[in-house]
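Structure, as C-alpha cells:
Residue numbers (this note's numbering), protein chains in the order written: chain Z, 7 to 103; chain Y, 7 to 103; chain L, 7 to 103; chain C, 7 to 103; chain H, 7 to 103.
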C-alpha cells in the first residue's frame, strides 16, 4: 500500500453508474521521510477521510473489496486513516501531534 | 485513478471480437497542476466522453467492470467526465470555466 | 492500453503447457509522437499481427480474456491492429499510408 | 516478488473492517546488491516478520491469498522471511550471518 | 511478459504455507539489446529453469495460473525458457549459441 495526504476532491456528474455516492479524493503520495513523491492518486474513500488527513491507500483489484466500493470499476481506495508511523523505533508521524 | 484529457482516437478494424463497438480514446494524463505528465493511455470509453474533455480513468481489471466494457480484454477505461477539481480549497479546474 | 510496433518474436520450446500454440511477439512500445518509449513488451498475439504492424496491447489479467489466450498464464496480449491514430484532428498514423 | 527490510510499522485505528488484526509493516525495498532502491511499501504481514528482518513481498491480487489476509482489500503482503540470497554462486545474504 | 536471466536463488524457511516446494529464482531483467535494465524480479519457477538460462516471466495474477503455482500468493513466475529471440529478421539470441 501507499501512504499520502488527502489534498482535494474530484467531482464528476457524468460517470459510470456504480460510482454514484462514492467520494473521489485526491491523495498526494508521500514517502517514508514524509515528503511528497510527486505522485498523485485519485481514490475512492472507504473510510470517510477528511482534507489534510494522512491515509493508507490500496490499488488494483482490492479497491473493489471494501464495503463501500464493492464491484465498482475503480483502481484505488483509501482503506485507513493513519494514526502513527514508526520507523526504526522513531515515531515519525502522529495524528494531531 | 488518473485524470487526463481526451486528445484523440485509435481505430482498429482487425481486433479481438469483444472490442467491437467500443470507442478507443487517447488520453493525455495530467498531474494535479493540470500539466501533462508525458504519459498517454489508450482507453475504452464507458461514458461517452468527447475530444478535449477532462476524464477520470481506471486501469487494470476494473476496466472490465463497466456496463459497456463487461468482460472485454482491455486494461483502461474512462469512468467519468470531470466537472471540478479542488485542491486545498482552490477550484483548480472547472468544466466550461 | 499501449500501442507499439511488432519488431520480433520469441521462441520457447520448454514452457508452461497452456502456452502451446501461442505466438510470442516482441512489441516496441511507442508514444503518441510515434517515437519509441524505450519499453519493450513480450506479448501473446490474439489477432494474428505481422512484423512491422502497429498494434494495440492490453496488460494484466485482461490478457487472459481473448479467445486465443483464455486462462493462459500471460500478462500481455495484442488485441488489435491499428488502422489509424488521430490526435487533435490530425491523422498522425495510417496503416499502409 | 520484491525483497526488502522491515523498517517500521503503520497504525490506523479507523480503517476498513477487514483490516482488523492485520499488522501493517513498512518495508524498504532493496535491490540485488542489497542496497535500498528508494522504494517503500506498506504491507500486511502474513508470516510474523520482525523489525530488521529481510522479507519477500508479493503485490497485487495475490496479497489477498494468504491465510491471514484472505479477501482483505490490500495490495501487498509479506509472504516469507528470507534466509539466504545467492547470486551467481555467491551467498550475498544470510540471516544472522 | 519480460525476459531475463536466472542469476540466483532466494531461500525462505518461514513462509506462507502455499509456497512450500516452490523454487524462488532471481531474474535479472534484460532489454531487447540483451543488456540488463537494472530491474530484478524474484519469481517462482514453473518450468525448471537453471542458473544462467534466459527465461520468459509473467507478472500479476497470471503467476497463479501455472500447474506448479496454482493459487499461490505470488506475483511473478517463469513460464518459459527462451530458445531464440529474433528482432527485425536478426537472430539476436540463441540458446547454447
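Using N, Cα and C, we set each Cβ at its ideal position, and we do this for glycine too.
Could you check the C-alpha separation between residue i and residue j for me, to the nearest Å?
i            : j             : result
residue 15/C : residue 86/L  : 45 Å
residue 65/Y : residue 65/C  : 16 Å
residue 33/C : residue 12/C  : 5 Å
residue 7/H  : residue 100/Y : 40 Å
residue 19/L : residue 59/H  : 13 Å
residue 91/L : residue 17/Y  : 7 Å
residue 96/Y : residue 93/C  : 52 Å
residue 73/Y : residue 42/H  : 42 Å
residue 44/L : residue 23/C  : 43 Å
residue 57/H : residue 55/L  : 33 Å
Can you check DSSP and say which residues form a bridge with residue i?
i             : result
residue 86/C  : 62/C, 21/H
residue 100/H : 90/H
residue 75/Y  : Residue 75/Y is not bridged to any residue.
residue 14/Z  : 32/Z, 93/Y
residue 9/Z   : 36/Z, 62/Z
Taking residue i as the reference, which of the options has the closest Cα?
i             : options                : result
residue 29/H  : 82/H, 39/H, 100/H      : 82/H
residue 31/L  : 46/H, 27/H, 75/H, 38/H : 38/H
residue 63/Y  : 47/Z, 43/Z, 75/Z       : 47/Z
residue 102/C : 45/C, 9/C, 43/C, 88/C  : 88/C
residue 36/Y  : 57/Y, 23/Y, 10/Y, 56/Y : 10/Y
residue 51/H  : 45/H, 75/H, 44/H       : 75/H
Report the CB separation of residue i from residue j in whole angstroms; it is logged as a contact under 8 Å.
i            : j            : result
residue 40/L : residue 77/Y : Actually they do not touch by this definition, with Cβ atoms about 31 Å apart.
residue 53/Y : residue 21/Z : 6 Å
residue 79/H : residue 68/C : 4 Å
residue 61/Z : residue 84/Z : 5 Å
Just to confirm, does residue i get its C-beta within under 7 Å of one of the non-hydrogen atoms of the ligand SAH?
i            : result
residue 43/H : Annotation note on the ligand SAH: not contained in the displayed structure, which lists no ligands.
Mind listing, in chain order, the continuous beta strand (DSSP E) runs of no fewer than 3 residues lying wholly within the region 26-51 of chain H?
30-36, 42-51, all fully within the region 26-51 of chain H.
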